[in-house]
Amino acid sequence: MAQLIKLQDYVSRYAQDIYLYPSRYVRLKKKQWEGIKDKWENGPVQNIENFIDPQQEEQPNNILHKIRSIVRHPETANEESAHENLEDQENLMDAGSLNSITNIKTIEELKQHFLDGLLPFQLKWASSTLTERSFIAKEFNNDPTLKFLLQRFPDTFLILYKPIFLLKKAPVEAELIIITPAAAMCISFIEAEEDAAYVGSKERFWIKKTRNKEKKILNPLIALNRTEKIVKTLFDMYGVDLPVQKLLISRNGFFDYPLQTYGVQFIEKRNFEEWFISLRGMKSPLKHMQLKAAQVLLQYCQTTSVRRLEWENNPKTEG
Numbered sequence: 015m016a017q018l019i020k021l022q023d024y025v026s027r028y029a030q031d032i033y034l035y036p037s038r039y040v041r042l043k044k045k046q047w048e049g050i051k052d053k054w055e056n057g058p059v060q061n062i063e064n065f066i067d068p069q070q071e072e073q074p075n076n077i078l079h080k081i082r083s084i085v086r087h088p089e090t091a092n093e094e095s096a097h098e099n100l101e102d103q104e105n106l107m108d109a110g111s112l113n114s115i116t117n118i119k120t121i122e123e124l125k126q127h128f129l130d131g132l133l134p135f136q137l138k139w140a141s142s143t144l145t146e147r148s149f150i151a152k153e154f155n156n157d158p159t160l161k162f163l164l165q166r167f168p169d170t171f172l173i174l175y176k177p178i179f180l181l182k183k184a185p186v187e188a189e190l191i192i193i194t195p196a197a198a199m200c201i202s203f204i205e206a207e208e209d210a211a212y213v214g215s216k217e218r219f220w221i222k223k224t225r226n227k228e229k230k231i232l233n234p235l236i237a238l239n240r241t242e243k244i245v246k247t248l249f250d251m252y253g254v255d256l257p258v259q260k261l262l263i264s265r266n267g268f269f270d271y272p273l274q275t276y277g278v279q280f281i282e283k284r285n286f287e288e289w290f291i292s293l294r295g296m297k298s299p300l301k302h303m304q305l306k307a308a309q310v311l312l313q314y315c316q317t318t319s320v321r322r323l324e325w326e327n328n329p330k331t332e333g
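Counted from 1, the sequence shown has number 115 at position 101 by my numbering; the numbering is strictly sequential.
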């Protein structure tokens, strides 16, 4: 399951420490999967919330109280360790929101059930930290493209979904960016009716053709080129040595682009599966340059968030 490191302009834990959270995510995911798989295979069948280690079943508020004590008395404990304990416990509880696995018959069904349960876990990490949170638009809870990307790609793929960059004090909306161990991919999905054909040109508008009609649509390469320029500029500024690719994807349609492509890959219904399988088969671990690339992009992303109420109501803990 790929990692959602940035969602629009929401606060992200990955932006706090990109070198920590990807490996923590993989560790938590593995632990939770082993727990649910063991219970499914060996029984008795229980809800996933029962997988939490009883020795760790400390309520978040109690742990938060410890954190506040540490802030007040830093000499008495390790604040970083306590933060980590709180976040680990919180996310184990998020996974516990999965429903009963009683009626699951096959391992494939169990895997899908598990992945569906991890979506709220992913969205929470992409919209909250220990002290701040952002309010997620409802559309993202059931966004089919986001779900597809997160559930079908490897853990080592880092996703910025519709990020908003803050450049020269001005917000700039970008297209999807996926940072793999081998490249940074700037991607636009263009999907409407089944078997639609998109006739491209250098003009501001393209033509979408279906069986019964033609319709003008905004040239998708405009936003894609803008996103590529942002990524390349930031990579050059900070010495990030990672290839930047541009891809225009239609899983259910076709492209008719008579001009030279100039660095754009057109992935359509006829070749999508081949492209997709090649990426899913990537076995490379997370790379240092990949994490550096993510860090550079994240530091230029806009963030809109509010203070968590439990911290806002206790200003004495700030000092």
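Note that the Cβ used here is the ideal one computed from N, Cα and C, for glycine as well.
- Distance from residue 151 to residue 18 at the Cβ level is roughly 14 Å; contact not present, criterion being Cβ atoms closer than 8 Å.
- Minimum Cα-Cα distance from residue 302 among the listed residues 254, 176, 48, 292 corresponds to 254.
- Setting aside the 5 residues that flank it on each side, residue 147 is surrounded in the same chain by 25, 141, 319, 320, 322, each with a C-beta closer than 8 Å to its C-beta; the list follows chain order.
- Annotation for residue 263: the continuous beta strand (DSSP E) segment containing it runs 258 to 263.
- Listed as beta-bridge partners of residue 186 by DSSP are 179.
- Residue burial annotation: residue 292 is exposed, with fewer than 16 other C-beta atoms found within 10 angstroms of its C-beta.
- Taking 4 residues as the minimum length, the alpha helix (DSSP H) runs contained wholly in the stretch 214 to 281 are 234 to 252, in order along the chain.
- In this structure, residue 314 lies near residue 181, with their beta-carbon atoms less than 8 Å apart.
- Taking the CA atoms as reference points, residue 227 sits about 29 Å from residue 190.
- Nearest neighbour of residue 134 by Cα position, chosen from 232, 209, 161, turns out to be 161.
- Fewer than three beta-carbon pairs drawn from the stretch 217 to 234 and the stretch 245 to 253 are found closer than 8 Å, and the two stretches are therefore not classed as touching.
- Residue 201 places its beta carbon 8 Å or farther from that of residue 308.
- Assigned with DSSP and collapsed to three states, residue 203 falls in strand.
- Ranked by Cα distance from residue 196, the options 217, 168, 213, 218 are led by 168.
- Across the structure, residue 43 and residue 157 are spaced so that their CA atoms are roughly 22 Å apart.
- Looking at the DSSP output, residue 21 shares a beta bridge with 175.
- With respect to residue 211, residue 286 sits apart: the two C-beta atoms are not nearer than 8 Å.
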